[in-house]
Amino acid sequence: MSAYKLTIRNQTGVSQDYVFFSAPPMVSGGTSGPIYQHVMKAAPSTPNDGMVTLELSNKYYAIAGVYEKDDDSDGQSVSVSKSVPVELGHKASNGSDIVMGSSVTLTVKDKSSVDLGPPTTPGAGKLGCFQLNTAVSGDGFSFQDAKNNGILVGIANSKHTSIMNAMGTFTPYPNTTYQIQPTACLWVASGQRFDVGSVIMAERLSNTQAVDFNVRGTNNVTLIHDEQNRFVFLQ
């Protein structure tokens with residue numbers, strides 16, 4: 412069963428280029444670098460009267476990897492070195508107790524090579540979160556090392572050897588314990604092409620629509636992209 416499903420119906424009269432991405436995850440527990448969003452699905456040249464859908468699963472992964480180019484350049488993708496499955500903190504079946512989310516440790520060697528240890532489940536992840544710990548860090552690293560060498564950590568929705576399913580990544584600080592929580596909000600943008608996995612900045616896109624599934628009260632939303640170039644929620 413899908414955790415969330417977002418469908419776009421193209422009724423603009425012409426073909427459209429669409430990209431989907433997630434709102435940034437919430438990161439707490441310590442200082443981090445900027446949180447980057449990534450293209451989760453691209454649908455170039457979607458024909459008029461055509462449809463495209465993004466479905467997210469209930470499975471999440473902690474990820475660690477590196478980028479090779481300027482950290483604020485749109486369209487630059489990131490290679491994932493390691494991904495491990497995690498459970499988010501959630502309420503037990505009795506509705507009152509909390510089952511703690513997974514805990515994962517980041518290891519950095521030679522100030523540039525990253526690895527993730529096996530998850531501890533249940534661990535110390537708070538409600539809706541998993542925990543990422545950089546306190547035990549192999550040879551050690553500084554934030555400047557992480558920034559200079561392009562180290563990123565974050566959360567993905569399904570396991571692949573690339574960043575294509577990343578919901579958000581950031582540059583970590585050492586000796587920090589993060590709580591990482593995915594959001595129930597997806598974005599769609601039209602009019603520009605990006606590769607799947609590219610770093611993307613919503614504020615630089617001209618035609619976007621956010622879909623907060625909590626606000627909509629459903630996990631299945633359809634948008635009509637109309638002739639006025641508007642995204643309209645299908646009632």
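Each residue of the sequence shown is one higher than the one before, counting from 412 in the working numbering. C-beta: ideal position from N, C-alpha, C; glycine also. Predicted model only: the values in this text are computed from it and were never measured.
Looking at the DSSP output, Ser553 sits in no beta bridge, so it has no partner there. In terms of CA proximity to Gln639, Asn618 leads the group Asn618, Arg627 and Val622. Cβ contact annotation for Ala613 (same chain, cutoff 7 Å, sequence separation greater than five): Gln448, Trp598 and Thr619, in chain order.
Judged by pairs of C-beta atoms under 8 Å, the stretch 547 to 562 does not touch the stretch 420 to 434, as fewer than three such pairs exist.
When Pro496, Gly476, Gly506 and Thr594 are compared, the shortest CA-CA separation from Thr518 is found for Gly476.
Relative to Ala567, the option among Gly602, Tyr478 and Val491 whose CA is nearest is Val491. Around the beta carbon of Lys520, a 10 Å sphere encloses fewer than 16 other beta carbons of the protein chains shown; the residue is thus reported as exposed. Counting of Cβ neighbours within 10 angstroms places Thr629 among the exposed residues, the total staying below 16. Counted as a single uninterrupted DSSP element, the beta strand (DSSP E) harbouring Arg420 occupies residues Tyr415 to Asn421. Between Ser504 and Gly534 a beta carbon distance of about 19 Å is seen, past the 8 Å cut, so the two are scored as non-contacting. Its chain contains Gly441 and Thr545 as the residues whose beta carbon lies nearer than 6 Å to that of Thr587, once the 5 sequence neighbours on both sides are disregarded; these appear in chain order. When the five nearest sequence neighbours on each side are left out, the beta carbons in the same chain lying within less than 7 Å of the beta carbon of Leu543 are those of Ala473, Val515, Leu517, Val564, Tyr589 and Ile591, in order along the chain.
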